[in-house]
Each structure stands twice: as C-alpha cells, then as structure tokens.
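In the working numbering, the protein residues as written are 62 to 388.
Every residue, glycine too, gets a C-beta built ideally from N, C-alpha and C.
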C-alpha cells in the first residue's frame, strides 16, 4: 500500500498536495560486499570470517528503498555502471516499485561497491569505491528536474559530487519540496554554507557534525553547541543522530532529544539510512505529526534494522511494523 496523502497544516510540511512522488532521493547506488568476523581486523592481519553476504546498498539507494518499504511512492536519481551489479540493481528497484527513469546506466563505468566488515558486536567499517556515482553531473540532474520537482520530499547525501547535490537541492527548493540533506560520509573539505542553507533538515551523525562545524560532538553540551552552530551556518532544522542514544534536534530555540529503544544490535550497517528514509517517509506522508513524532517513529524503525543482518535486507517492511508505525 502507498502512503495516505495527509495535508493538514503542520510545521515543516511539504507544499505539494498533488505530487507524483512522496519521496525522491538523489544520491549514491552501491553494491555491498559484507564480511562478518568476531572482532575487528588489525592492520597486517588476516582473519577467517564467519559468513559473507552481498546486497543492495549505497546511502541514496538505502534511503530510497526504506521510504518505499514504508509505503512511499519513491523515485531514485543517480548513476550506475552497465555491469552485473548495475543490472541487478535495476531489477531490484523494479521489483520494489521504485521509479528509475533517471537512474542512469553508463557504459564503461563500474557500479559503486562497498567493502564492509561487521564484528560480532554489530559494529562496522566500510570502504566505498564510488565508481559511476562520481560520474553524475549537474547536467544529469537538470534532466531529472521533473522528477525532483514532482516530489513532496527530496533527500540528498554526499556520496556523489557536491556540485551535483547542490544542484538537486536547489531544484527541489525552487519547486517547493521539503529538502533533507544527510551530509554523509563526513566531508573532508569545508561544507559550503549555501549547500546547508538549501536544506530544510540537515542531519549528520556525530563524526559528520564535527567535520562540518569543527566542534566536538560527544557530550550533551557538545551536541547542543553543534546544533546551534549548524543553525548559524544556515540550517533551518539541524538534527544529529547519536547511534544507540537516539537523535537530537533543534526545534526553534529548544534542543529536543528522542531516545532510541534498547535492542540487541547484531549489525548496525545501514541504520542511519533506515532512519533517514523513514524520516523522509513520515515527513511526506504524515505532515500532520509534530517533527518530534516523525523522528521518534524513524528512530524506532532504525532500531529494528540493527537487530537483523545486512543493509537493505535488515529494513522492515510496512506490514512487519507495529500498528502505530503503519498509519
């Protein structure tokens, strides 16, 4: 079932009542190669793993898929290679009803891949080889403008060139869509203030927040200072994910904290993307809810994902959720 179209007045509400898509995601498409080991591998060490898996990944694709699993009419904008992984991804998106008119397949390019190691405690390390993701251009985004302008919520990340992300957010903002930026992975160069100002919601994790602001983000006081600094940098609604501690965000001048439920994590891969995709879904489909309620629902869904192995394979579908998360 697709999400209901609910449009009562509410803060941070998407403006289009007749949008063709609930959520459009412009970002990375990556195929995950996951090795499971008991403890972290040290430099120079060879370790026997316990199991291996492959599957769909990439921050953009993860977030788009999560929104689709919850019932959003979702569209993916990005670039893949004309190779085995790219063709598998096209079939996968088609199976789940995700719009792919502007998921471009480029000859001679390789689909992005991620080498992931997951320890027995569920923690992960990831190396991403971007491949075709880094061949995405602003001109490609201009050709996808109709899709971005036809969405209630547009989500972007930083696994594609930053000028591409900026262009996508600008098109979405001009069309009246709600814009969400997940500035991940952590930027290694200063984040342009104009990029942050184009997003209604900016949501880094603690490491990414430090990379953007230059401030520590460990204690509650640190988090408060980071959120206020993000506001100074132009973010309308700054938000920071805190792992097992949940999420904090700045609502007006008040810092609100949404705790995560206690769970036994077996694989945290993709948990942040499960949160982002869920948040986009609830922003698009439940604009009647206060932002704190949307965040709380997204946190609970992300917590479910860490109790399962894999990336998108760990994402719950709408019919699996408790009744209060399905409406």
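| Check | Outcome |
| --- | --- |
| Taking 9 Å as the threshold (C-beta atoms), are residue 257 and residue 13 in contact? | It is not possible to answer for residue 13, since the shown part of the chain is limited to 62 through 388. |
| Apart from the five residues on each side of it in sequence, which residues of its chain come closer than 6 Å, Cβ to Cβ, to residue 236? | 210 |
| Distance check for residue 361 and residue 246, CA to CA, integer angstroms please. | 23 Å |
| Compare the beta carbon distance of residue 82 and residue 213 with 9 Å and say whether it is the shorter of the two. | yes |
| Evaluate residue 89 with the Cβ neighbour count: other Cβ atoms within 10 Å of its Cβ, from every protein chain shown; 16 or more gives buried, anything less gives exposed. | buried |
| Decide if residue 107 is buried, meaning its Cβ has at least 16 other Cβ atoms within 10 Å, or exposed. | exposed |
| Just curious, the beta strand (DSSP E) that residue 254 is in, first and last residue? | Counting along the chain, residue 254 falls outside any beta strand (DSSP E), though it belongs to the alpha helix (DSSP H) covering 254-258. |
| How many angstroms separate the CA atom of residue 130 from the CA atom of residue 377? | 7 Å |
| Any chance the stretch 114-131 sits against the stretch 332-343, with 3 or more Cβ pairs inside 8 Å? | yes |
| Where are the beta strand (DSSP E) runs, 3 residues long or more, that stay fully inside the stretch 65-143, in chain order? | 82-87, 91-97, 112-118, 135-142 |
| Can you tell me which residues form a DSSP beta bridge with residue 167? | 142 |
| Output the residue ranges of the beta strand (DSSP E) runs that lie fully inside the stretch 188-212 and measure 3 residues or longer, sorted by chain position. | none |
| Rounding to the nearest angstrom, what Cα-Cα distance links residue 262 and residue 178 in this structure? | 30 Å |
| From the DSSP output, which residues share a beta bridge with residue 239? | 214 |
| Within a Cβ cutoff of 6 Å, which residues of the same chain sit near residue 242, ignoring the five residues on either side of it in sequence? | 217, 260, 263 |
| Any idea if residue 103 is buried or exposed, counting beta-carbon neighbours within 10 angstroms, 16 or more meaning buried? | exposed |
| For residue 299, which beta-bridge partners are listed by DSSP? | 263 |
| Could you check what DSSP says for residue 173 in three-state terms: helix, strand or coil? | strand |
| Taking the alpha carbon of residue 301 as the point to measure from, which residue in 100, 277, 116 has its own alpha carbon closest? | 277 |
| So what's residue 294 in DSSP terms, helix, strand or just coil? | coil |
| Identify every residue that forms a DSSP beta bridge with residue 378. | BP columns for residue 378 are empty, so no partner. |
| Taking contact to mean at least 3 C-beta pairs separated by less than 8 Å, is the stretch 323-335 in contact with the stretch 366-373? | yes |
| Given that a residue counts as buried once 16 or more other Cβ atoms are within 10 Å of its Cβ, and exposed if not, what is residue 113? | exposed |
| Suppose the cutoff is 6 Å on Cβ atoms and the five residues either side in sequence are ignored; what does the same chain contact list for residue 379 look like? | 131, 132, 387 |
| Compute the Euclidean distance between the alpha carbons of residue 323 and residue 279, then round it to the nearest angstrom. | 20 Å |
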